[in-house]
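Working notes, structure below.
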Amino acid sequence: DAGVTQSPTHLIKTRGQHVTLRCSPISGHKSVSWYQQVLGQGPQFIFQYYEKEERGRGNFPDRFSARQFPNYSSELNVNALLLGDSALYLCASSWDRVYNEQFFGPGTRLTVL
Amino acid sequence: DAKTTQPPSMDCAEGRAANLPCNHSTISGNEYVYWYRQIHSQGPQYIIHGLKNNETNEMASLIITEDRKSSTLTLPHATLRDTAVYYCIVRASNTGNQFYFGTGTSLTVIP
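Residue numbers (the working numbering), protein chains in the order written: chain A, 1 to 113; chain B, 1 to 111.
Laid out in structure tokens, this is it:
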């Protein structure tokens, strides 16, 4: 069974640009969450989507947005990139919104120059 | 908001049990304790979770104290592949899947 997949694996952008990161959850999982992990720190929660609706949002600026599609895949969009947005972006999926463990993908490494 | 306290680093001899402590003194009655680990630059890997009973699976054991203010993750026979950062996380069952990661414990298994 395929795990959580993310694309692209690596990405280099310049300040001011925008970026779209993609995530495909494990088959049957309806919840997708996004995390940002800056070097040396633990992952920080950005968004949770369940059944195509936003169910949770972390302390991130409005430059960050996301959506979930009918097939439960998800996109994370970041506008007006800053150097500080350089990080590993992780996607996690789970069966439901609340009770079950999350399974993480390998992440997308974003470098902003 | 990290709700857990873990030692920043630990060493363990290969083949010995690795016991990783975690303090969660402000844990509420409906909050679960989860453990994940992260090998360098990979996505976190689920290990185990529990509410108040001790739990065991093929990877590890989780012992939660009776007052639920602390817990210990045990890897019974540590191998070099267990070298990773281990995160102890508490998550309320009524706040969705928002996991609050701290900085974790960097476990090094020594040959």
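Virtual Cβ for every residue (Gly too), placed ideally from N, Cα, C.
Contact between the stretch 55-69 of chain A and the stretch 23-30 of chain B (3+ Cβ pairs under 8 angstroms)
No contact exists between the stretch 55-69 of chain A and the stretch 23-30 of chain B.
Enumerate in chain order the residues of its own chain whose CB-to-CB distance from A:E51 is below 7 angstroms, with the five nearest sequence positions on each side excluded.
Excluding positions up to five away in sequence, the list reads K30.
Are B:G104 and B:V85 touching if we call contact CB-CB under 7 angstroms?
B:V85 sits close to B:G104, with the two beta carbons spaced by under 7 angstroms.
Taking the continuous beta strand (DSSP E) assigned at A:K13, which residues delimit it?
A:K13: member of the beta strand (DSSP E) spanning 10-13, first to last residue.
In the DSSP assignment, what are the bridge partners of B:N19?
Partner residues in the beta bridge of B:N19, as assigned by DSSP, are B:T74.
Quick check: A:G42 and B:Q98, are their CB atoms within less than 7 angstroms of each other?
Not closer than 7 angstroms, so no.
Considering B:L62, what are the terminal residues of the beta strand (DSSP E) in which it resides?
B:L62 -> beta strand (DSSP E) spans 61-64.
Determine which residues of the stretch 60-79 of chain A have a Cβ less than 7 angstroms from any Cβ of chain B, and write them out in chain order.
So nothing in the stretch comes that close.
Run through DSSP, which three-state label would A:D96 get?
DSSP places A:D96 in coil when its eight states are reduced to three.
Thinking B:T74 and B:A60 are a contact (beta carbons under 8 angstroms), I'd like their distance in whole angstroms, please.
The Cβ separation is near 6 angstroms, so the contact holds.
Would you please verify whether the beta carbon of A:L82 is less than 7 angstroms from any beta carbon of chain B?
Judged by the 7 angstroms Cβ criterion, A:L82 is not in contact with chain B.
Under 7 angstroms by beta carbon: chain A residues contacting B:G77
According to the sequence provided, residue 77 of chain B is His. The question's Gly does not apply to it. Within 7 angstroms of the CB of B:H77, no CB atom of chain A is found; the nearest one sits about 23 angstroms away.
For the putative contact between A:G40 and B:G43, defined by C-beta atoms under 8 angstroms, what is the C-beta separation to the nearest angstrom?
Their Cβ separation, rounded to whole angstroms, is 17 angstroms, which puts A:G40 and B:G43 out of contact at 8 angstroms.
Just checking: is the beta-carbon of A:F47 within a distance shorter than 7 angstroms of some beta-carbon in chain B?
Among the CB atoms of chain B, none fall inside 7 angstroms of the CB of A:F47.
Apply the 10 Å Cβ neighbour rule to A:L88 and answer buried if 16 or more other Cβ atoms are within range, or exposed otherwise.
Per the 10 Å Cβ criterion, buried.
Would B:R37 and B:I48 qualify as a contact pair, given that the criterion is a beta-carbon distance under 7 angstroms?
Not closer than 7 angstroms, so no.
Since A:E54 meets chain B, which of its residues come closer than 7 angstroms, beta carbon to beta carbon?
Ordered by position in chain B, no residue passes the 7 angstroms Cβ test against A:E54, which lies about 10 angstroms from the chain.
Taking only three categories from DSSP, how would you classify A:G84?
It is helical.
N- and C-terminal bounds of the beta strand (DSSP E) containing A:E75
A:E75 -> beta strand (DSSP E) spans 74-78.
Reference A:Q17, options A:C91, A:S86, A:L81, A:Q102, closest by Cα:
In terms of Cα proximity to A:Q17, the closest of A:C91, A:S86, A:L81, A:Q102 is A:L81.
Relative to the C-alpha of A:S7, which residue among A:E54, A:S74, A:S33 is closest?
The option with the nearest alpha carbon to A:S7 is A:S74.
Can you find a C-beta in chain E that's less than 7 angstroms from the C-beta of B:T26?
No chain E appears in this structure, whose protein chains are A and B.
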